[in-house]
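A.B. asks:
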Amino acid sequence: METKLKIVLFQCQWCLYSEPDQQWVDHDLPPSIHLVKLPCTGRINPLFILNAIQGGADGIMISGCLPEKCHYKEGNLSALRQHEEFINLLDYIGYERDRIRFVWLDLQDRGRIQRELANFETSITELGKANNLATRVNAPSGGQYV
Amino acid sequence: MMHILNKKKLNQILTGWSTKYDIYAPQKVEDYSQFLPLGTADELALNEPHNTRFPPKSFFLPQSETLLKYDHRLKQLKEVVITPKPRIIFGIRPCDAYAVKLLDTVFDTAEYTDPYWKAKRNATLLIGMGCNDPCQTCFCTTVGHGPFNHDGLDALLTECQDNYFIETFTEKGNKLFSDLPAATKDQQRQVQEMQKKAAKSMQPAFDTTNLKQNLNQSFDSKYWAAISESCLGCGICTFLCPTCFCFDIVDEVQRNERIRNWDTCMFRIYSLEASGHNPRPTRKERTRQRIMHKYSYWIDHAGEIGCTGCGRCIRNCPVGLDIRAMLRAVNTFESETVNA
Amino acid sequence: MSETIVKLKTEIERLLNEDVIDVVIAFKQEDSPLRPQPAFFRNVAELEVLEYNSLCQNNLANYLTRFPQDTRIGIVVRGCESRSVNALIVEKQHQRENLYLIGIPCHGIVDIKKIFKKTGEEVTDYSENQDEVTVIVNGKEITFSRKELLHDSCLRCIHPNPVDADILLGDPLPEGDPNIARQEVESIEAMSRDERYAWFRHEAERCIRCYACREACPMCYCTECFVDHTAPRWTESDVSQAGMQAWHIIRAFHQTGRCTSCGACERACPMDIKLTYLTEKLNKDMRELYEFEAGLDSETQPPFASFNLDDKKRFIV
Numbered sequence: 013m014e015t016k017l018k019i020v021l022f023q024c025q026w027c028l029y030s031e032p033d034q035q036w037v038d039h040d041l042p043p044s045i046h047l048v049k050l051p052c053t054g055r056i057n058p059l060f061i062l063n064a065i066q067g068g069a070d071g072i073m074i075s076g077c078l079p080e081k082c083h084y085k086e087g088n089l090s091a092l093r094q095h096e097e098f099i100n101l102l103d104y105i106g107y108e109r110d111r112i113r114f115v116w117l118d119l120q121d122r123g124r125i126q127r128e129l130a131n132f133e134t135s136i137t138e139l140g141k142a143n144n145l146a147t148r149v150n151a152p153s154g155g156q157y158v
Numbered sequence: 002m003m004h005i006l007n008k009k010k011l012n013q014i015l016t017g018w019s020t021k022y023d024i025y026a027p028q029k030v031e032d033y034s035q036f037l038p039l040g041t042a043d044e045l046a047l048n049e050p051h052n053t054r055f056p057p058k059s060f061f062l063p064q065s066e067t068l069l070k071y072d073h074r075l076k077q078l079k080e081v082v083i084t085p086k087p088r089i090i091f092g093i094r095p096c097d098a099y100a101v102k103l104l105d106t107v108f109d110t111a112e113y114t115d116p117y118w119k120a121k122r123n124a125t126l127l128i129g130m131g132c133n134d135p136c137q138t139c140f141c142t143t144v145g146h147g148p149f150n151h152d153g154l155d156a157l158l159t160e161c162q163d164n165y166f167i168e169t170f171t172e173k174g175n176k177l178f179s180d181l182p183a184a185t186k187d188q189q190r191q192v193q194e195m196q197k198k199a200a201k202s203m204q205p206a207f208d209t210t211n212l213k214q215n216l217n218q219s220f221d222s223k224y225w226a227a228i229s230e231s232c233l234g235c236g237i238c239t240f241l242c243p244t245c246f247c248f249d250i251v252d253e254v255q256r257n258e259r260i261r262n263w264d265t266c267m268f269r270i271y272s273l274e275a276s277g278h279n280p281r282p283t284r285k286e287r288t289r290q291r292i293m294h295k296y297s298y299w300i301d302h303a304g305e306i307g308c309t310g311c312g313r314c315i316r317n318c319p320v321g322l323d324i325r326a327m328l329r330a331v332n333t334f335e336s337e338t339v340n341a
Numbered sequence: 313m314s315e316t317i318v319k320l321k322t323e324i325e326r327l328l329n330e331d332v333i334d335v336v337i338a339f340k341q342e343d344s345p346l347r348p349q350p351a352f353f354r355n356v357a358e359l360e361v362l363e364y365n366s367l368c369q370n371n372l373a374n375y376l377t378r379f380p381q382d383t384r385i386g387i388v389v390r391g392c393e394s395r396s397v398n399a400l401i402v403e404k405q406h407q408r409e410n411l412y413l414i415g416i417p418c419h420g421i422v423d424i425k426k427i428f429k430k431t432g433e434e435v436t437d438y439s440e441n442q443d444e445v446t447v448i449v450n451g452k453e454i455t456f457s458r459k460e461l462l463h464d465s466c467l468r469c470i471h472p473n474p475v476d477a478d479i480l481l482g483d484p485l486p487e488g489d490p491n492i493a494r495q496e497v498e499s500i501e502a503m504s505r506d507e508r509y510a511w512f513r514h515e516a517e518r519c520i521r522c523y524a525c526r527e528a529c530p531m532c533y534c535t536e537c538f539v540d541h542t543a544p545r546w547t548e549s550d551v552s553q554a555g556m557q558a559w560h561i562i563r564a565f566h567q568t569g570r571c572t573s574c575g576a577c578e579r580a581c582p583m584d585i586k587l588t589y590l591t592e593k594l595n596k597d598m599r600e601l602y603e604f605e606a607g608l609d610s611e612t613q614p615p616f617a618s619f620n621l622d623d624k625k626r627f628i629v
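Note that the protein sequences, when read in sequence, are chains A, B and C.
To get the numbering used here, take the position in the first sequence, counting from 1, and add 12.
To get the numbering used here, take the position in the second sequence, counting from 1, and add 1.
To get the numbering used here, take the position in the third sequence, counting from 1, and add 312.
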């Protein structure tokens, strides 16, 4: 059984304005964090989050721009309601809502992404491995009827 | 020779077999019965009024079967075990057992043998339970079978009062029951009368004499549009059917496995070609295909109707379509329009 | 109830004779006991086999998306069906001007699985009145109260009356209680996290991916469903835990703000999976977070189709 934590970071490609921050995310991420870069948080389909969870993600962090500062104007707003409800649904079936965190980055706030990730890693370590929905790694491809 | 077994001793026999075989028998799940490993539920559900909801073809053609596994980095195939431990499917109904035999004409022929199917077939014994009280959705006698038919079985149990009476048909079946006492001539007669009575109690559901011809002649008629209008196009009738065998092979890249899954001609994408053309574009062509295949094309490939009358499609259709009524209608439709 | 059939027949005859519509979607008599079927009537002679009773368990709005939008369609609608029709109109799948809604206030659908559980499946005959249901099994008559046989979705029904109808055949019934509708979801929410997962896993693992739930649902009309995508492939089509859980979660999620709680999915399921436990949670959240119920009128956009700058106040930490 896997014991290393796996955290997936869905990052909007515009939200890290400062070069050092973006370089850090591109090259120096801690080993437990896996990066998926997207044009906008509005691109995130609940299927992406579910796929990550089924693959064994213990935590999911989504970083995007502040609501009125979206590069595509309203991209992140249109997704807001869906993401909120999806997290409610996942919590209802047994994947704690605290494992999914949205971080809206102010472009001026340098260094925030490192702080948030460190913070998140600590709280996920406390929550422990998420075994409930990681069914692509802990359950075979056949069914229960022989 | 017919053997006799007191019902109370059944568990003993099954436990005795379980040292050498994995045993699967019908047990209750929620509100229906299902073939599960012995001991999953507290008691067996051997005398349910009808067969299990999910068909036993899954023992030979699992709904999802891994054909091979691979490792990207090493560029290697990994071995997949295809031969199960020797097992006994206990309490299978004659309709379902004959259906497995029908599927042999697809997966185990002179030209080609499916190794996955064959390995499972070789490792399995089918011990049947006959139907004393065929239900109103059963129609095995209409398609040439019966509630106590033994074709496809290694042995058949008939329940009569406090005993099971066992007839064996193959060497393997014989060996399992050889220690049991023989039934008396009177008992044998009583059991055979009961079996005949059960078969007689089933009314013919539709006329199969000219069915193939009528179906073929009706291919272009308006009958199909009318019949299929309420059909949802789900996979219930095909997945629960013990003789349906169509499958789809897919590479699940995130699992690194190649998997064979059941597929159904009722789905739009079943016949959708890569170019975008679909030879069965609407509901009408797809519903027609299912019925023509079962009652006409099967005769072309195997010499007999591809349906064993188990009744699952009738009991589980969400919109109440009854294949018997549909076939009765096709027998009369053309003659009505011709005479009109 | 047979009084309703008489009124229904008269109205459909009128619609056909006066050429108001091209086809009427209603129900017809059973071919096998206790299973009336959806039917499409195009001329008066076909009305011989018209049927309407509490065993008519399908959501007829499901068939609307099969017809081109310029077809003039008459359709029998009960409470939930009329809301499905509105939800389809909101999504521009049909135009109200081409629909003639024959409204019937609904006393609830009788779940044949509940009958069979009590009497076995060899039922040969069925009759009902407002309060009771009588079946004949092996020549014997057995009577039940309607309430003990109603389908679970109908026990939770808030809107039994059609919200829009061109003609109403029957007296309006009292509205249901939203508190009762919440109870099942609240009892699951009260379980511990691992118990909730065990419950979800237990329901999902029986699935055989027949997609009857999708086909029976009026709001599932996508020409290509997400499970049929092969590139990229987000959900597996095998019967693994992963594949089935993904199917259930995402199908329910795609119904958020569109589901009218009719329960047709649950009635269609051959493996007796309690499908509504997921959709009811989403419907409850829509009622509480956005005060929205699908299909109450034919204009209001569902919550996911829009956003409000105030939303962020709840979500941004």
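Note that the Cβ used here is the ideal one computed from N, Cα and C, for glycine as well.
(1) Expressed to the nearest angstrom, what Euclidean distance is found between the alpha-carbon atoms of residue 138 of chain B and residue 437 of chain C?
(2) Give a yes or no on whether the C-beta atoms belonging to residue 63 of chain B and residue 120 of chain B are separated by under 9 Å.
(3) Roughly how far, in whole angstroms, is the beta-carbon of residue 396 of chain C from the beta-carbon of residue 530 of chain C, given that I think they are within contact range, below 8 Å?
(4) Go ahead and pull the three-state DSSP assignment for residue 578 of chain C.
(5) Since residue 117 of chain B is in the alpha helix (DSSP H), which residue starts that stretch and which ends it?
(6) Determine, for residue 30 of chain A, whether the minimum Cβ-Cβ distance to residues of chain B falls below 9 Å.
(7) Which residues in chain A have a C-beta closer than 9 Å to the C-beta of residue 67 of chain B? List them in chain order.
(8) Could you check if residue 340 of chain B is buried or exposed, using at least 16 other CB atoms within 10 Å of its CB as the buried criterion?
(9) What does a CB cutoff of less than 7 Å around residue 331 of chain B pick up in its chain, not counting 5 residues either side in sequence?
(10) Alpha helix (DSSP H) containing residue 395 of chain C: first to last residue?
(11) Would you mind telling me which residues of chain C sit closer than 7 Å to residue 262 of chain B, beta carbon to beta carbon, in chain order?
(12) Would you tell me roughly how many angstroms separate the C-alpha atoms of residue 517 of chain C and residue 68 of chain B, rounded to the nearest one?
(13) Considering only their Cβ atoms, is the gap separating residue 326 of chain B from residue 343 of chain C smaller than 9 Å?
(14) Counting C-beta neighbours from all protein chains within 10 Å, is the total for residue 7 of chain B 16 or more, i.e. buried, or is it exposed?
(15) In chain order, which alpha helix (DSSP H) runs of at least 4 residues are fully inside the region 588-625 of chain C?
(16) Measure the C-alpha to C-alpha separation of residue 76 of chain A and residue 35 of chain A and round it to an integer number of angstroms.
(17) Check for me: the alpha helix (DSSP H) holding residue 227 of chain B runs from which residue to which?
(18) Determine whether the Cβ of residue 33 of chain B lies closer than 9 Å to any Cβ atom of chain C.
(19) Which full runs of the beta strand (DSSP E) of 3+ residues lie inside the region 56-141 of chain B, going along the chain?
(20) Quick one: residues in its chain with C-beta nearer than 8 Å to the C-beta of residue 460 of chain C, no 5 flanking neighbours on either side, listed in chain order?
(21) Let me confirm a value: residue 47 of chain A is counted as buried when at least 16 other C-beta atoms fall within 10 Å, else exposed. Which label applies?
(22) Within the chosen definition, does the region 85-98 of chain B reach the region 145-156 of chain B through at least 3 CB pairs nearer than 8 Å?
(23) So, for residue 2 of chain B: in the same chain, excluding its five sequence neighbours on each side, which residues have a beta-carbon less than 7 Å away from its beta-carbon?
(24) With a threshold of 6 Å on Cβ separation, who are the neighbours of residue 107 of chain B within its own chain once the five nearest residues in sequence on each side are excluded?
(25) Listed in chain order, which residues of the region 85-111 of chain B have Cβ atoms closer than 7 Å to some Cβ of chain A?
(26) I need the DSSP call for residue 29 of chain A, collapsed to helix, strand or coil.
(27) Identify the residues that DSSP records as bridge partners of residue 253 of chain B: which are they?
(28) Run the CB neighbour count on residue 123 of chain A, radius 10 Å, all protein chains shown included, and call it buried at 16 or more, exposed below.
(29) Using a Cβ distance threshold of 8 Å, determine whether the region 403-419 of chain C contacts the region 268-279 of chain B, with at least three qualifying pairs required.
(30) Have a look at residue 105 of chain A and residue 422 of chain C and give me their C-alpha separation to the nearest angstrom.
(31) Tell me whether the region 537-550 of chain C and the region 136-145 of chain A touch, counting them as touching only if at least three CB pairs, one residue from each stretch, are closer than 8 Å.
(32) Residue 28 of chain A: which of A:131, A:135, A:98, A:121 sits nearest, CA to CA?
(33) How would you call residue 28 of chain B, buried or exposed, if buried means at least 16 neighbouring beta carbons within 10 angstroms?
(34) Take every Cβ of the region 591-608 of chain C, pair it with every Cβ of the region 493-503 of chain C, and state whether three or more of those distances are shorter than 8 Å.
(35) When burial is assigned at 16 or more other CB atoms within 10 Å of the CB, is residue 164 of chain B buried or exposed?
(36) In three-state DSSP terms, what is residue 340 of chain B?
C.D. replies: So, from the listed chains and residues:
(1) As a first step, residue 138 of chain B is located in the second sequence; it is residue number 137 there, counting from the start. As a first step, residue 437 of chain C is located in the third sequence; it is residue number 125 there, counting from the start. Taking the straight line from one Cα to the other gives about 14 Å.
(2) Counting from one through the second sequence, the residue named residue 63 of chain B turns up at place 62. Counting from one through the second sequence, the residue named residue 120 of chain B turns up at place 119. No. Outside cutoff.
(3) Position 84 of the third sequence, counting from 1, holds the residue named residue 396 of chain C. Position 218 of the third sequence, counting from 1, holds the residue named residue 530 of chain C. Yes, residue 396 of chain C and residue 530 of chain C are in contact; Cβ-Cβ is about 4 Å, under 8 Å.
(4) Residue mapping note: residue 578 of chain C aligns to position 266 of the third sequence, counting from 1. If DSSP states are grouped into helix, strand and coil, residue 578 of chain C belongs with the helices.
(5) On the second sequence, residue 117 of chain B is found 116 positions in, with the first residue counted as 1. Run containing residue 117 of chain B: 116-123, per the alpha helix (DSSP H) assignment.
(6) Taking the first sequence and counting its residues from 1, the one referred to as residue 30 of chain A is at position 18. It does not; no Cβ of chain B falls within 9 Å.
(7) Against the second sequence, residue 67 of chain B aligns to sequence position 66. In chain order: 152, 153, 154.
(8) One-based indexing of the second sequence puts residue 340 of chain B at position 339. Interpretation of residue 340 of chain B is limited by its pLDDT of 41, a score under 50 that renders its predicted location unreliable; no figure is taken from the coordinates.
(9) Locating residue 331 of chain B in the second sequence gives position 330, where the first residue counts as 1. These residues qualify, in order along the chain: 215, 216, 219, 224.
(10) Here residue 395 of chain C corresponds to residue number 83 of the third sequence, with the count starting at 1. Note, residue 395 of chain C: alpha helix (DSSP H), 391-402.
(11) If you number the second sequence from 1, residue 262 of chain B lands on position 261. Close to residue 262 of chain B, with beta-carbon spacing below 7 Å, are these residues of chain C in chain order: 549, 550.
(12) Residue mapping note: residue 517 of chain C aligns to position 205 of the third sequence, counting from 1. Residue mapping note: residue 68 of chain B aligns to position 67 of the second sequence, counting from 1. So the alpha carbons of these two residues sit roughly 22 Å apart.
(13) The residue you call residue 343 of chain C lines up with position 31 of the third sequence. The residue you call residue 326 of chain B lines up with position 325 of the second sequence. Contact flag set, yes.
(14) Translated into the one-based positions of the second sequence, residue 7 of chain B becomes position 6. Looking at its Cβ environment, which holds fewer than 16 other Cβ atoms inside 10 Å, residue 7 of chain B is exposed.
(15) Along the region 588-625 of chain C, the alpha helix (DSSP H) occurs as fully enclosed runs of 4 or more residues at 588-602, listed in sequence order.
(16) Residue mapping note: residue 76 of chain A aligns to position 64 of the first sequence, counting from 1. Residue mapping note: residue 35 of chain A aligns to position 23 of the first sequence, counting from 1. The alpha-carbon atoms of residue 76 of chain A and residue 35 of chain A are separated by roughly 17 Å.
(17) Residue mapping note: residue 227 of chain B aligns to position 226 of the second sequence, counting from 1. Looking at the DSSP string, the run of the alpha helix (DSSP H) that includes residue 227 of chain B is 224-229.
(18) To locate residue 33 of chain B, count along the second sequence from 1; it is residue 32. So yes, residue 33 of chain B belongs to the interface.
(19) 65-72, 77-79, 88-93, 125-130
(20) Against the third sequence, residue 460 of chain C aligns to sequence position 148. Result list for residue 460 of chain C: 426, in chain order.
(21) For this step, residue 47 of chain A is matched to residue 35 along the first sequence. When all chains shown are included, residue 47 of chain A counts as exposed.
(22) yes
(23) Along the second sequence, one-based indexing puts residue 2 of chain B at 1. So the qualifying residues of the chain are 183.
(24) By one-based count along the second sequence, residue 107 of chain B stands at place 106. Once the five neighbours on either side are set aside, the close Cβ partners of residue 107 of chain B are 246.
(25) Of all residues in the region 85-111 of chain B, none has a C-beta nearer than 7 Å to a C-beta of chain A.
(26) In the first sequence, counting from the first residue as 1, residue 29 of chain A sits at position 17. Note: residue 29 of chain A maps to coil in three-state DSSP.
(27) Stepping through the second sequence from its first residue, residue 253 of chain B is reached at position 252. DSSP output for residue 253 of chain B lists B:258 as bridge partner(s).
(28) The count along the first sequence starts at 1 and reaches residue 123 of chain A at position 111. Looking at its Cβ environment, which holds fewer than 16 other Cβ atoms inside 10 Å, residue 123 of chain A is exposed.
(29) no
(30) In the first sequence, residue 105 of chain A corresponds to position 93, counting from 1. In the third sequence, residue 422 of chain C corresponds to position 110, counting from 1. Cα-Cα distance, rounded: 29 Å.
(31) Because the criterion of three Cβ pairs below 8 Å is not met, the region 537-550 of chain C and the region 136-145 of chain A do not touch.
(32) Here residue 28 of chain A refers to the residue found at position 16 when the first sequence is read from its first residue. Comparing Cα-Cα distances from residue 28 of chain A to each of A:131, A:135, A:98, A:121, the minimum goes to A:121.
(33) Taking the second sequence and counting its residues from 1, the one referred to as residue 28 of chain B is at position 27. In summary, residue 28 of chain B is buried, with 16 or more beta-carbon neighbours lying within 10 Å of its beta-carbon over all protein chains present.
(34) yes
(35) Start at 1 with the first residue of the second sequence, and residue 164 of chain B comes out as number 163. Residue 164 of chain B comes out buried.
(36) As a working mapping, residue 340 of chain B is identified with position 339 in the second sequence. Legend: pLDDT at residue 340 of chain B = 41, less than 50; position of this residue unreliable, value from coordinates given subsequently. In the structure shown, residue 340 of chain B sits in a helix (DSSP, three-state: H, G or I).
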